[in-house]
Each structure stands twice: as C-alpha cells, then as structure tokens.
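Heads up: the sequence shown begins at 449 in our numbering, then just goes up one per residue. The C-beta atom is built at its ideal place from N, Cα and C for all residues, glycine as well.
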Amino acid sequence: MRRVAAAFALAPFLLAAAQAPTNGTARAVPTAPAAKAAPAARSAPAVIAWANRADAHVAEARTRTLAAASARGLALPADFIAWVDANPIRQATVFGCCRDPLPVLLALRSLEIDLGADVVRERYPQLALAFALEASYRAVRTNASPWNDGDEAAADELPDVSPRALLQLTIPGDPRVRVDTKPVDRPLDRDDHIINFLEDHPQIEVEVETRELPPLEYDERGVAKPRGKAIAVKKIVVRELYAADVIASAALQAEFMSYMTERGHPDVKLDCGDGAVAWRSTEAISDGDLRKRIAAAHELFQAAYRAKGRMPNERDRAPT
C-alpha cells in the first residue's frame, strides 16, 4: 500500500520525467501553474500518512494473527508465511481485510494442503485468496438451502490445517433407490398409489410460451433480408403429468382424490384452488389457509417421491 501511495504522490514528477527527451537534447517541459499544483502537493503528505497507518494496521494484524495461531498450537510452515508476505497485496488481503484474519490465513493454508502448493501459490493464487476470504465468515450446514448453499452464520470452527493427503475429488452416483410401485409380494401403500397415479396418467397438453426469431427471407438476388426481432410464440407441448400439475388444477385434484379413494385412501384430500400456483397468480398472497394447503400438498407428493426413489431423500450437502 505504501508503494501505491508513493506512486500517486510522485505522479507529477514521473510525468515530467516521461516528457523529458532521451537523446540528450534539452526540451522545455510544460509545468502547471503553482496555484494548481498546490492541492496535489498538500495532499501528498496526507496520502503517505494514510498509507503508513494502513501498513501499521496490517503489521499489527499479522503479529496478532501469528501469535493466535501459535497459542492454539497451529503450526504453519515458514515458507507458507514467507509466500504470503512476499507480495504486499497478498499480505494485505490475508491480514488486513477482516477483523479476525486467523480464519483467512488458515483457510488459505488448508486449501494449500488439499490442492497443493503449485495450485495455490503459482496457478490460482487470486482464486485461492477469494475462497479463503469467503470461507472465513460463513458456517456450512450439512444440508444446503435453496437460497445460500447453507451459509447462515459465522463459522464456528477454524479451518483444518493438519497434515493430510491431497484432496481426491470423487463424484458419487445417483443416490436414489427406485422402488417398484407395482409389487406382487406386498400390498401397495399410499405412496405407491400416488406415484402410480402420476406415472400411469395419460400425457397432458401444456401451453408454453417461447421467443423465436422469424424465418429468414431472401431477396431476388438470394441475399438474406434483415431479420426481425424475436417474437413471443405459444406452443402446445405434450408431456407426462407432474405433481405440480395436480396442485395447479382443480380438475386434476378431483381426479386424484377419486383415484386415491377407490384405492382405500379417502383421507387424502387436496384443495389448492385452480391456478393458484400459476405464474403471476396472486390468489394465495392474501389467503393464508390456501398457502398452508398448497404447502401440505407439496409435502404429500414430495414424501411419495422420496419414499419411492423418484427424488433423493435429502438435498445434496452444501459445498465445503
């Protein structure tokens, strides 16, 4: 930071030097009036003073952080610390950007242990710094949330810097275990019937809206004419039935309840309105009871999907 501040303070002098001739021939260098140069001259000491305070802050944070690591018995290689210190911007990023720099420093070292020094120090140092900073102020839950991948609060434990082998990335297989919903060796349960209703139902027609470019047209010379802008086009798509379709349609809800009653489950009831969950629908905004019934219907179908292996039992783990 001191170097950057000094460069700003010396900018007028560097400009004059750049304008000087290199062949030994004297040349007049235009200078600004004294009155206009005064503000820059007055600001230089202030900039340098600010840089000195910033450097002092980073130095104090560095000393405090290394002492905290030592007090916890956390050994950090000397060459790792030397690498952090070797670049002023890197050093300021690690020690000067957070109130408590220890999680940042340890996260950076943990990444180096997992990925190797070459990856962190040589190939992707900026990305490693970004990950270390981001990981320093979040706590990861076992289950990811739809909104923030499980980051809800400050991390409750420090990154692991214990010796270990390099990280070996493995991609697991499909966690779902598909269950036969038409078995011959057991009676069908409620969830079997729910899945069978959805999967055996005739395909439905759904109107979808897309945007398409008009077809190309050519003039008498065979040259393509300017193409117009994309326009909204409505199409009818034929596809299988989804649970969301049932929740969105009063007719399908009645059909579903009749199906379940015929198979010994008259207690399964749906009352989600007609189109209440459609795009731009506002019906459920002011109707709390309707929102509860829609949520209960979602849980009914999702429970069946999970029980019969049509969707995972839980969300993927949050990234670490």
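{"Check": "Beta-ladder partner(s) of residue 683, from DSSP", "Outcome": "656"}
{"Check": "Assigned exposure category for residue 679 - 16 Cβ within 10 Å defines buried", "Outcome": "exposed"}
{"Check": "At least 3 beta-carbon pairs within less than 8 Å: the segment 684–691 vs the segment 705–716", "Outcome": "no"}
{"Check": "Spatial neighbours of residue 667 in its chain, beta-carbon cut-off 7 Å, leaving aside the 5 residues before and after", "Outcome": "673"}
{"Check": "One or two residues paired with residue 672 in a DSSP bridge", "Outcome": "666"}
{"Check": "Cβ pair count under 8 Å reaching 3, the segment 650–657 against the segment 614–632", "Outcome": "no"}
{"Check": "Rounded Cβ spacing between residue 554 and residue 522 (contact assumed at less than 8 Å)", "Outcome": "7 Å"}
{"Check": "The alpha helix (DSSP H) enclosing residue 747, as first and last residue numbers", "Outcome": "736–755"}
{"Check": "Buried versus exposed call for residue 568 [16 or more other C-beta atoms within 10 Å across all chains shown]", "Outcome": "buried"}
{"Check": "Exposure label - residue 648; buried when at least 16 CB within 10 Å", "Outcome": "exposed"}
{"Check": "Integer Cβ distance of residue 564 from residue 506, believed to fall under 8 Å", "Outcome": "At roughly 27 Å, the Cβ-Cβ gap does not stay under 8 Å, so residue 564 and residue 506 are not in contact."}
{"Check": "Cβ shell of residue 551 (< 7 Å), same chain only, five flanking positions each side left out", "Outcome": "584, 603, 606 and 607"}
{"Check": "Three-way DSSP call (helix, strand, coil) for residue 498 in this model", "Outcome": "helix"}
{"Check": "Buried versus exposed call for residue 476 [16 or more other C-beta atoms within 10 Å across all chains shown]", "Outcome": "Model confidence at residue 476 stands at a pLDDT of 40, short of 50, so the residue's coordinates are unreliable; what they give is reported in the following sentence. Classification of residue 476: exposed, given that the 10 Å Cβ count is below 16."}
{"Check": "Burial state of residue 542 (16 or more Cβ within 10 Å)", "Outcome": "buried"}
{"Check": "Residue 535 (DSSP reduced to helix, strand or coil)", "Outcome": "coil"}
{"Check": "Anticipated Cβ contact below 8 Å, residue 508 with residue 528, distance rounded", "Outcome": "Rounded, the Cβ-Cβ distance is 20 Å, inconsistent with contact."}
{"Check": "Reference residue 746, options 579, 625 and 717, closest by Cα", "Outcome": "717"}
{"Check": "CB contact flag (residue 756, residue 643, <8 Å)", "Outcome": "yes"}
{"Check": "Extent of the continuous alpha helix (DSSP H) run through residue 722", "Outcome": "Unbroken run through residue 722: none, as it is neither H nor E."}
{"Check": "C-alpha distance - residue 562 paired with residue 571, whole-angstrom precision", "Outcome": "14 Å"}
{"Check": "Whether residue 676 touches residue 698 by CB criterion (8 Å)", "Outcome": "no"}
{"Check": "Simplified DSSP state of residue 505, which is helix, strand or coil", "Outcome": "helix"}
{"Check": "Continuous alpha helix (DSSP H) stretch holding residue 703: start and end", "Outcome": "698–710"}
{"Check": "Member of 518, 687 and 736 whose CA lies at the smallest distance from the CA of residue 650", "Outcome": "687"}
{"Check": "Residue 622, DSSP secondary structure in three states", "Outcome": "coil"}
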